[in-house]
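Per our numbering, the very first residue in the sequence shown carries number 909; after that it's consecutive. Where a beta carbon is used, it is the ideal one built from N, C-alpha and C, also for glycine. A quick note: this is a predicted structure, and the numbers were derived from the prediction, not measured. Structure first, then comments.
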Amino acid sequence: MTDYLDTPEGRRIAYNRTPGKGPGVVFLGGFKSDMEGTKAIALEEWAKREGRAFLRLDYSGHGVSGGAFEDGAIGDWFEDARDTIMALTEGPQILVGSSMGGWISLLMAREHPERVAGLVTIAAAPDFTEDGYWASFDKETRHKLESEGSVAVPSEYGEPYVITRRLINEGRTRLVLRTPLSLPFPTRFLQGTADDAVSTETAIRLLDHAEGDDMRLTLVKGADHRFSTPECLALIETALAEVIERL
């Protein structure tokens, strides 16, 4: 059943929580996705089978949470995740971050390492506002963004994404690949080689940049950004089981 949390920032966040043993697992979804996605539901079913606590949520402007997507930025969505984790879980959690959720999980690890027991990322997209969108914009698009406040970018997932000036500018205050990034817990990165949203180079850059004693990157030949085939879902569960075993 979906419940709602009113955060200290005044945002209304929708979530689903499954009781169980700890450390619990928290699923953090991607840019403009929601907690009803294939991976989130599959992991919830896995957690129920394992008797493990599980939490999934919609950031503000996503899914059935309050707010408008176009008003949000990385910092807002990080705060949504942080506030929900702090309010609804106890002790360190295992974070599973998909795409933008990977970036948010890295921010959580940097800002609140005491609440992170382990990490699994799926096509993690750290710093994508800068290294993805801004880097790909030509001079004309950058000028339009700065002068008009937003640009529409085509998306293969449906309606064009509205990229705002605030999303880019605020994202610059949340970058994780420019300064030291310590991940002192079991960490598993998963990445498909046929991902057209996040490159294999990005995954390798993250692996090279982060510091940690128990870190692995698994490349899956032919897997796309959704990473939601039965084989990919099984790999996510395997990575989670590995992290739990290492704990």
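Task: Assigned exposure category for residue 1068 - 16 Cβ within 10 Å defines buried - done: Counted from its first residue, the sequence shown places residue 1068 at position 160. Residue 1068 counts as exposed, since fewer than 16 other C-beta atoms from the protein chains shown sit within 10 angstroms of its C-beta.
Task: Beta-ladder partner(s) of residue 1008, from DSSP - done: In the sequence shown, residue 1008 corresponds to position 100, counting from 1. For residue 1008, which the question treats as bridged, DSSP gives no partner whatsoever.
- [ ] State buried or exposed for residue 1051, treating a residue as buried only when at least 16 other CB atoms are found within 10 Å of its CB.
- [x] Along the sequence shown, read from residue 1 onward, the residue named residue 1051 stands at position 143. Burial check for residue 1051: the Cβ neighbour count within 10 Å stays below 16, so the residue is exposed.
Task: Residues that DSSP places opposite residue 962 in a beta bridge - done: Residue 962 sits at position 54 when you count from the first residue of the sequence shown. Note: residue 962 sits in a beta bridge opposite 926 and 933.
TODO: Determine the contact status of residue 1003 and residue 1024, defining contact as a CB-CB distance below 8 Å.
DONE: On the sequence shown, position 95 is the one that residue 1003 refers to. On the sequence shown, position 116 is the one that residue 1024 refers to. Cβ distance < 8 Å, so residue 1003 and residue 1024 count as in contact.
Task: C-beta contact flag for residue 1016 and residue 1036 at 8 Å - done: Counting from one through the sequence shown, the residue named residue 1016 turns up at place 108. Counting from one through the sequence shown, the residue named residue 1036 turns up at place 128. Remark: C-beta atoms of residue 1016 and residue 1036 do not approach each other more closely than 8 Å.
- [ ] Return the Cβ separation of residue 1026 and residue 1093 in integer angstroms, given the expectation that the two are a contact with Cβ distance under 8 Å.
- [x] In the sequence shown, the residue the question calls residue 1026 occupies position 118. In the sequence shown, the residue the question calls residue 1093 occupies position 185. About 5 Å; that satisfies the 8 Å criterion.
Task: Distance between beta carbons of residue 920 and residue 974, contact taken as under 8 Å - done: The residue you call residue 974 lines up with position 66 of the sequence shown. The residue you call residue 920 lines up with position 12 of the sequence shown. Contact holds; Cβ gap of about 4 Å.
Task: Span separating the alpha-carbon of residue 956 from that of residue 1031 - done: Position 48 of the sequence shown holds residue 956. Position 123 of the sequence shown holds residue 1031. Going by the C-alpha atoms only, they are around 24 Å apart.
TODO: Taking 8 Å as the cut-off, decide whether the C-beta atoms of residue 1154 and residue 1124 are in contact.
DONE: One-based indexing of the sequence shown puts residue 1154 at position 246. One-based indexing of the sequence shown puts residue 1124 at position 216. The answer is no: Cβ separation not under 8 Å.
Task: Integer-rounded CB distance, given that residue 977 should sit under 8 Å from residue 970 - done: Within the sequence shown, the letter at position 62 stands for residue 970. Within the sequence shown, the letter at position 69 stands for residue 977. That belief holds up - the Cβ atoms of residue 970 and residue 977 are roughly 7 Å apart, short of 8 Å.
Task: Backbone CA spacing between residue 1145 and residue 1038 [nearest angstrom] - done: Start at 1 with the first residue of the sequence shown, and residue 1145 comes out as number 237. Start at 1 with the first residue of the sequence shown, and residue 1038 comes out as number 130. Between the C-alpha atoms of residue 1145 and residue 1038 there is a straight-line separation of about 31 Å.
Open item on the list: For the pair the stretch 1130-1150 and the stretch 1113-1120, tell me if three or more CB-CB distances fall below 8 Å.
Closed with: Under the 8 Å Cβ criterion, the stretch 1130-1150 does not count as touching the stretch 1113-1120, having fewer than three qualifying pairs.
Task: Status (buried if at least 16 other CB within 10 Å, exposed otherwise) for residue 916 - done: In the sequence shown, the residue the question calls residue 916 occupies position 8. Its Cβ having fewer than 16 others within 10 Å, residue 916 is exposed.
- [ ] Output the boundary residues of the alpha helix (DSSP H) element that contains residue 1111.
- [x] Here residue 1111 refers to the residue found at position 203 of the sequence shown. For residue 1111, the uninterrupted alpha helix (DSSP H) segment begins and ends at 1108-1117.
Task: Residue range of the unbroken alpha helix (DSSP H) whose run includes residue 1068 - done: Locating residue 1068 in the sequence shown gives position 160, counting from the first residue. In the DSSP assignment, residue 1068 falls outside any alpha helix (DSSP H) and lies within the beta strand (DSSP E) extending over 1066-1072.
TODO: Please report how far the alpha carbon of residue 1033 lies from the alpha carbon of residue 953, in whole angstroms.
DONE: Residue numbering aside, residue 1033 sits at position 125 when the sequence shown is read from its first letter. Residue numbering aside, residue 953 sits at position 45 when the sequence shown is read from its first letter. Taking the straight line from one Cα to the other gives about 25 Å.
Open item on the list: If you measure between the beta carbons of residue 988 and residue 968, is that distance less than 8 Å?
Closed with: Position 80 of the sequence shown, counted from the first residue, corresponds to residue 988. Position 60 of the sequence shown, counted from the first residue, corresponds to residue 968. For residue 988 and residue 968, yes; Cβs fall inside 8 Å.
- [ ] Return yes when the Cβ of residue 1057 is within less than 8 Å of the Cβ of residue 1001, no when it is not.
- [x] The count along the sequence shown starts at 1 and reaches residue 1001 at position 93. The count along the sequence shown starts at 1 and reaches residue 1057 at position 149. Contact flag unset, no.
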